[in-house]
Amino acid sequence: MEYQSDFLVIGSGIAGLSFALKAARLGTVNIVTKKQSVETSTNLAQGGIATVLCPEDSFDLHIKDTLVAGDGLCHEDVVQMVVRGGPERLNELIEIGVEFDKGSEIEGCDFDLGVEGGHSRPRIIHARDMTGKAIEEALLAKIEAHPNIKIFEDHLAIDLVVQSLTMKRGGAVAFRKDRCFGAYVLNTDNGEVQTFSARFTLLCTGGAGKVYVYTSNPDIATGDGIAMAWRAGAEVGNMEFVQFHPTCLYHPHAKNFLISEAVRGEGGRLIDLNGNTFMEKYHPLKELACRDVVARAIDSEMKLSGADCVYLDITHLGDGFIKERFPWIHRKCRSLGIDITKEPIPVVPAAHYICGGIRTDTNGLTSIKGLYAIGETAFTGLHGANRLASNSLLEAMVFSHAAFGHVERIVGEGEGPAMPEVPAWDEPANKDSRELVLISHNWDIIRRIMWNYVGIVRTDKRLMLAKKHISHILSEIDEHYPNIALSSDLIELKNLARVADIIVSCALLRKESRGLHFNADHPAKDDANFNRDTLVTVE
Ligand code: SIN
């Protein structure tokens, strides 16, 4: 089966949906999403969107805070572009019906702005603690009603369709260039591999938190876009910078539930098993220091005391305020037997966000023509070595607009490519579906290796061991993959293993500690040698 459209969007979070809505003005859009449309990281985002909205704040301050968090590696042009583009993009969300909380105490400001770590002013616009859900629902309602857009749920992209084009200059062959024309996609309902061909392809596949045992990410976050782009030859970078969110709910049945940074922003205090605060030992900003600092402090306290978690206490904020400001967190904890109005919340750090990804320019264009990457899957240069809280939805909105502007110019100038003939996926029949233990076993091992050896605190030895184990798993996958029946677990395993290997490779290249990458064998920052991005491509 082949589906053709002008635009193929892979992923259904804020990045993909915002782009699709605009691109539908120019042509047809197919969106493929591996589960249900709402199963995205966007949908789980609690905190909100960081943007400059009140007179006591300024673009310069937001830019400065982003650069400080990024620890020397942010691309300043990108930071300027994203911060300055925020208010306009936010208005688009308000226009499509997203209702953000109002009622600020700050003069001249309509909205209730939250505080999060690393921000020098209140600037997090939010819809209580369900901001992502409000955005996702509003965008999906528009998308589903649009005649030019079709969503394919339960469709998992396997690989990109990349063809080598001969470019001519003055009638003579000048160079050959790879161009992306869509993707091969597994319909996980019926097991059929379908071709989705398109003139422009967008990877908006989110992050890769599932590469770690403990993560705040949804099950879909298996780094599919990054792995596919890498296999297609795109440049990938800065993957050593994995952000561990300091406070995920610690409970055997909680799976991946986040306790938003906004809770600390409203005055939540971190305490140990004995009820003592500890953040004052680590940073003058205490609970509101940047995430790398808070996550490392918690990790260190847990290692010192041998405790399984620390606690976040907000009981002093009062029953009424807690229920009104954090209804989702309150309900979720209540369902697990924790009354956050009366007792502290058990929390641990967990993998939350990958600051690196597929390298793009300021249009969201990757190193492969016709292929764009937006959102967490992309490495735009905004976050540097550490992402400032709530800058991610902002980045997704600004870059989806920039990518739209770019394709609009190309289409307007009549320069869009003609669609070549795309060969169908060649899947041999009668593959083995008995050896599925191979898949579950390796899924488990990768996630444990990454947690134990490539986590919050790394060493050269742990990284080298991780590299060795993951290389072995990759060879095992290469050997057996062709003979095992295609399934979503198998495709995701292949992607997870690749992303794990890229994270370790990038971490091994950086012999210093900076932002989110802390290596105990090189504990200092080394500007002379490492004040630069880490870029890798397929060998
Ligand atoms: C949070 O609510 O703490 C997450 C927000 C973010 O990761 O930016």
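Its first residue numbered 185, the sequence shown is counted upward by one per residue in this note's numbering. For glycine and all other residues, C-beta sits at the position ideal for the given N, C-alpha and C. Keep in mind the model is a prediction, meaning the values are calculated, not measured.
- Scanning its chain for C-beta atoms nearer than 8 Å, with the 5 sequence neighbours on each side dropped, one finds around arginine 642 the residues Ala691, His701, Phe702, Asn703 and Ala704, in chain order.
- Between alanine 322 and glycine 281 the beta-carbon gap is near 5 Å, inside 8 Å, which marks them as a contact.
- Residue pairing by DSSP places histidine 429 opposite Ala534 in a beta bridge.
- The Cβ neighbour count for glutamine 378, taken over all protein chains shown within 10 Å, is at least 16; the residue is labelled buried.
- Around the beta carbon of glycine 393, 16 or more other beta carbons lie within 10 angstroms, which makes this residue buried.
- Burial is judged here by how many other beta carbons sit within 10 angstroms of a residue's own beta carbon; glutamine 427 has at least 16 and is buried.
- Scanning the stretch 244 to 271 from its first residue to its last, no whole beta strand (DSSP E) run of 3-plus residues comes out.
- At least one heavy atom of the ligand SIN lies closer than 7 Å to the C-beta of leucine 442.
- Annotated three-state conformation of alanine 691 is helix, per DSSP.
- Each residue's CA atom was taken as its position, placing arginine 273 and leucine 578 some 8 Å apart.
- Judged by beta-carbon spacing, glycine 390 lies beyond the 8 Å limit of threonine 550, meaning their Cβ atoms are not closer than that value.
- Boundaries of the alpha helix (DSSP H) around leucine 323: 315 to 328.
- Excluding sequence positions up to five before and after isoleucine 633, its CB lies within less than 6 Å of the CB of Ala650 and His653, all in the same chain and listed in chain order.
- DSSP, reduced to helix, strand and coil, places glutamate 450 outside both helices and strands of the structure shown, so it counts as coil.
- Of the residues assessed, glutamine 230 falls on the buried side of the cut-off, its CB having 16 or more other CB atoms within 10 angstroms.
- By the C-beta density criterion, aspartate 483 is buried, having at least 16 other C-beta atoms within 10 angstroms.
- Per DSSP, reduced to three states, the secondary structure at histidine 701 is strand.
- For tyrosine 398, the shortest C-beta to heavy atom distance toward the ligand SIN is 7 Å or greater.
- Each residue's CA atom was taken as its position, placing leucine 210 and asparagine 547 some 17 Å apart.
- DSSP links arginine 642 through a beta bridge to Asn703.
- Closer than 7 Å to some heavy atom of the ligand SIN: that does not describe the Cβ of glutamine 264.
- At least one heavy atom of the ligand SIN sits closer than 7 Å to the Cβ of alanine 446.
- Look at the beta carbons and you see the stretch 455 to 465 not touching the stretch 404 to 415: under three pairs across the two are nearer than 8 Å.
- In this structure proline 533 is in contact with cysteine 432, their Cβ atoms being roughly 7 Å apart against a cut-off of 8 Å.
- Residue nearest to alanine 587 within the set Arg682, Leu386 and Asp644 is Leu386 (criterion: CA-CA distance).
- In this structure, isoleucine 319 and isoleucine 198 form a Cβ contact; the two beta carbons are roughly 6 Å apart against a cut-off of 8 Å.
- For arginine 543, the enclosing beta strand (DSSP E) stretches over residues 541 to 543.
- With respect to the 8 Å criterion, glutamate 223 and proline 511 are not classified as neighbours on the basis of their beta carbons.
- In the three-state DSSP reduction, threonine 461 falls in the strand class (E or B).
- For glutamate 485, the uninterrupted alpha helix (DSSP H) run begins and ends at 475 to 489, by DSSP.
- Contact between the stretch 359 to 370 and the stretch 237 to 244 is absent: fewer than 3 CB-CB pairs across the two stretches fall below 8 Å.
- For glutamine 230, the Cβ falls inside the 7 Å cut-off from some heavy atom of the ligand SIN.
- By DSSP's assignment, glutamate 186 forms a beta bridge with Thr379.
- Here DSSP, grouped into helix, strand and coil, assigns phenylalanine 284 to coil.
- Leucine 572 is positioned such that its CB atom lies closer than 8 Å to that of histidine 303.
- In the DSSP annotation of this structure, leucine 442 is not part of any alpha helix (DSSP H), being labelled neither H nor E.
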